[in-house]
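Residue numbers for the sequence shown follow the numbering used here, beginning at 59 and rising by one. Beta carbons are placed, not taken as given, at the ideal position from N, Cα and C, and that holds for glycine. Structure, as structure tokens:
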Amino acid sequence: MQENHKLIKGLSNDEVIASRKKNGSNSLEHQHKNHLLISILEMVKEPMFLLLVAAASIYYITGDYGDGIFMTTAILLVAAISLFQEARSRNAIDALKKLSQPKSKVIRNGEVIEILSEEIVVGDSIQVEEGTFIPADAVIIQSNDFSVNEAILTGESLSVFKSESSEIKQVFQGTIVATGLAICEVTAIGNQTSLGKIGKSLESIEEEKTPLQLQITNFVKKMSIIGLVIFGIVWVLNYYHSNSVLDSLLKALTIAMSVIPEEIPVAFTTFMALGAWRLMKMGIITKQTKTVETLGSATVICTDKTGTITENKMSLAQLYVFDSNAIFDTNEKLNTEAEEVLSYAMWSSEPIPFDAMEIAVHEAYAKLESVDERPNFKLIHEYPLSGKPPMMTHVFEDNKGKRILAAKGAPEALIEVSNLSDKEKKQVLTAMEAMAKEGYRVLGIGIADFSGKEFPKTQQEFKFSFKGLVAFYDPPKANIQEVFETFYKAGIQVKIVTGDNAATTSTIAQQIGFKDADKVLNGDELMAMDEATLKAKVMETAIFTRMFPDAKLKIIQALKDSGQIVAMTGDGVNDGPALKSSHIGIAMGKKGTEIAKQAANLILIEDDFSKMIDAIAMGRKIYINLKKAIQYIISIHIPIILIVFIPLALGWIYPNIFTPVHIIFLEIIMGPTCSVIYENEPMERNLMLQKPRPLTTTFFNLKEITISIIQGLVITLGLLLVYYYCVDSGYSESYTRTTIFLTLIASNIFLTLENRSFYYSVLTTIRYKNNLVLMIIGITISITSLLLFVPVFSKFFLFEKVDITQIGLSVLVGFVAVMWIEIYKFFKRKKHQ
């Protein structure tokens, strides 16, 4: 296979260009959506948009063209902001989709290269191997023990063996390589593949909304219903007093506009999409933005050992020769027996190695002084990694009919299939424990004789001779101890889930200061437990060894049943089910199989486990910042609603303080505050020292929003005191309106600063690096100054010139109405300290 595959040249660069021009790209595109048109159609159905249009229409009907033109301009501005935010979110998501696209190996210009599956063209020679998705419809040219799972097309779960000599030698896009390796010539791509032709049915599948999304939708719906009820009451009250249908309708629209918190869903979408984009910049691909919501709640991380805790830079450290019962260091000269064990370890590996251990074995074999036999033998049969514990077997043959049948795997697996006495078994296990205590990963090696053509169904049916052990050293990553300490401080449990044995894993765990390295459970013990025992055991166990797919799945399920939010790392084909089952599946970008990447929610581009700290910190930061934004929205909406409703409902002297013009101006100010300022807020320094947030905790329970409601009510009280002061002093309606508007703007600015943290003082948060705070506040003050001091604007907004004393009073009231929360924060900090 290795020799023959070098003869395949594949397409040249010019042939690739010509094929792409003729047949297009390898992507399933059934709908060419006009995103701008869809966004506009969605926007015009929003209650706030309909209210704005209604208000503008009334202004035009009543001949108030100035206000009508302002409202029309405001509608366009609000629409532009909304479309910009949506486009920003969509672009972030599109960028993520491109990065998370699967990759494939192709032979071009005589070389094997890795490209995006989308770049494959008709005529390409693709190389597919165990654990990969087939990226296009193709015909097998060469193969080794090749089988495919075609369940996605046929519904049949059993894999189908295929080869270049089979009656059916086609393979199809989207199917999974179950065993072996093949080189295939692409016959169809994109929409022309079998999967592409049925792809339309996949488009109807909609992604489910998360609990938080549903709660936000329900909250906005409820507020819209409340707004509708208040709208009806205000319309009736106004009509009773004025007998004017349009005028009373306009005033009713004012209160309805003040009630609907349409900024909340916009803020949620923006925070999630931009959070995913920020993660991408850090080397973490988030396949679905909703994963960002879950990240900050992770309570348990289940991690593999090899390549996650360790470097995955395997080097062959020791060899154990069974016949002489001796252990050899590989940096010393090997005797004939040791070289023989190494040779059989190589023959039990893939001819084109991609696993770190197999690469190490091939490299060590190449350094032997004996003749390299690899070019003379061809792989004629293969048994993939299977069994509990697992092993794998390869059968090679040369042109003279000489065969080599070699197996490698867990030492226990090879001991089981070899005819060893109890004394010999004890001898092997003693050697294995000695190697494992050094932190080495140990594999058993065995050989068998078989001359027939009909190979047994399972490798365990061969009669093996036990030859020895090979031990690999994979050093721990330099920063891994620090990574674990950070997780522990953040209240997150870490559990090692590995296929390796207990002694090796415990040794490595102790070297890196892993907590509870002595609390170990193996796969067989785990599978024998009943649900209640397992549920308790998974919580107290830190290291799970000799794990296989079913056992991994049971661990994840038991942790979930115990109320844990589980993150799981994995890279192999067998990790797929556990990655899919966990709340947060994490695949490795470099060494991860395509199946692992497809099953996972996150992909670590550089296989750097320390990036999970950044991911969880980002998840926590996004949640906290979104909470700040939503609490800000609730707090500022309450005084707007009440200052419009109370004077009217109670029949005060100036019942209509604000018009739709004032409300829309306030909406334009509040939108950027919540979606721009708070999204850009840095992480608070104590965030990774807190326990994970329960996933069931939301922004909309009474405990979470009580402080926001109080904030809103205190600001309302301040506005009503200003109203009373102005009326009592005999000021005009326009003067009162101006003063209340100024007080509300001042309160809004102070609230923006205060809500940057519900723990730290504003004197601390003012030093946080967020240039957008000063920019947005500066713009707000500048525009408010124009409204006050430029006659054309002040007249339009029905304002009156006020003196510096009155401005100072409004700022003072706004300051007191908001800054009282500093006392609450002080006692909160004192309690925690």
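{"Check": "Could you name each continuous alpha helix (DSSP H) segment of 4 residues or more that falls completely within the segment 595–681, going from the start of the chain to the end?", "Outcome": "607–619, 634–639 and 652–657"}
{"Check": "Hey, would you say Ser766 sits closer than 8 Å to Ile692, going by beta carbons?", "Outcome": "yes"}
{"Check": "Indicate the three-state DSSP secondary structure (helix, strand or coil) for Gln551 in the structure shown.", "Outcome": "strand"}
{"Check": "When the Cα of Ala594 is compared with those of Gln615, Met605, Thr603 and Ala575, which residue comes out closest?", "Outcome": "Gln615"}
{"Check": "Thinking Tyr817 and Lys886 are a contact (beta carbons under 8 Å), I'd like their distance in whole angstroms, please.", "Outcome": "6 Å"}
{"Check": "On the premise that Gly504 lies in contact with Ala465, defined as a C-beta separation below 8 Å, what is that separation, rounded to the nearest angstrom?", "Outcome": "5 Å"}
{"Check": "Between which residues of its own chain and Asp532 is the CB-CB distance below 7 Å, once the five residues before and five after are set aside?", "Outcome": "Thr364, Thr368, Glu369, Asn370, Lys371, Met372 and Arg499"}
{"Check": "In the structure shown, what three-state DSSP assignment does Val164 receive?", "Outcome": "strand"}
{"Check": "Straight-line CA distance for Leu437 to Met338?", "Outcome": "41 Å"}
{"Check": "Can you name the residues that DSSP bridges to Pro534?", "Outcome": "Thr368"}
{"Check": "Whole-angstrom Cβ separation of Asp665 and Gly647, contact assumed at under 8 Å?", "Outcome": "6 Å"}
{"Check": "Answer with buried or exposed for Asn632, where buried requires no fewer than 16 other C-beta atoms within 10 angstroms of its C-beta.", "Outcome": "buried"}
{"Check": "By DSSP, does Ala194 sit in helix, in strand, or in coil?", "Outcome": "coil"}
{"Check": "Would the beta-carbon of Ala657 fall within 8 Å of that of Gly630?", "Outcome": "no"}
{"Check": "Among the candidates Ser792, Leu311 and Asn683, whose CA atom is the shortest distance from the CA of Ile699?", "Outcome": "Leu311"}
{"Check": "Which whole runs of the beta strand (DSSP E) in the segment 376–423 are 3 residues long or more, in chain order?", "Outcome": "384–387"}
{"Check": "What do you get for Trp917, buried or exposed, if any count of 16 or more other CB atoms within 10 angstroms of its CB means buried?", "Outcome": "With the chain running from 59 to 891 in the structure shown, residue 917 is simply not present."}
{"Check": "Residues bridged to Ser183 by DSSP?", "Outcome": "Ile165 and Glu243"}
{"Check": "Specify the secondary structure class of Val235 as computed by DSSP and reduced to three states.", "Outcome": "strand"}
{"Check": "By Cβ distance below 8 Å, which residues in the same chain neighbour Phe513 in space, the five residues on each side in sequence not counted?", "Outcome": "His439 and Val453"}
{"Check": "Below 7 Å CB to CB, which residues in the same chain sit around Ala673 once its five sequence neighbours on both sides are set aside?", "Outcome": "Leu337, Ile342, Leu353 and Leu660"}
{"Check": "Roughly how many whole angstroms lie between the Cα atoms of Arg461 and Ile359?", "Outcome": "46 Å"}
{"Check": "DSSP puts Lys255 in a beta bridge; with which residues?", "Outcome": "Answer by DSSP bridge pairing: none, since Lys255 is not bridged."}
{"Check": "Could you tell me how far apart the beta carbons of Tyr826 and Pro740 are, in whole angstroms, since I believe they sit closer than 8 Å?", "Outcome": "5 Å"}
{"Check": "Quick check on DSSP: helix, strand or coil for Ser77?", "Outcome": "helix"}
{"Check": "Sorted by chain position, which residues of the same chain lie with C-beta nearer than 6 Å to Arg678's C-beta, five sequence neighbours on each side aside?", "Outcome": "Gly354 and Leu745"}
{"Check": "Report the rounded CA-to-CA distance for Leu272 versus Gly124, giving the unit in angstroms.", "Outcome": "40 Å"}
{"Check": "To the nearest angstrom, report how far apart Glu225 and Glu519 are at their CA atoms.", "Outcome": "29 Å"}
{"Check": "Going by the beta-carbon positions, is the gap between Phe799 and Gly872 smaller than 8 Å?", "Outcome": "no"}
{"Check": "On the DSSP letters alone, give me the boundaries of the alpha helix (DSSP H) that Lys483 sits inside.", "Outcome": "Asp480 to Ala494"}
{"Check": "If you compare alpha carbons, which of Gly445, Lys458 and Asn457 is closest to Ala471?", "Outcome": "Gly445"}
{"Check": "Counting only beta-carbon atoms, is Ala314 nearer than 8 Å to chain D?", "Outcome": "Of the chains in the structure shown, none is chain D; there is only one protein chain."}
{"Check": "With H, G and I counted as helix, E and B as strand and the rest as coil, what does DSSP make of Tyr736?", "Outcome": "helix"}
{"Check": "Do Asn683 and Glu762 have their C-beta atoms within less than 8 Å of each other?", "Outcome": "no"}
{"Check": "Compute the beta-carbon to beta-carbon distance between Asp381 and Glu397, rounded to the nearest angstrom, for a pair I have assumed lies under 8 Å.", "Outcome": "Not really, about 13 Å apart at Cβ, beyond 8 Å."}
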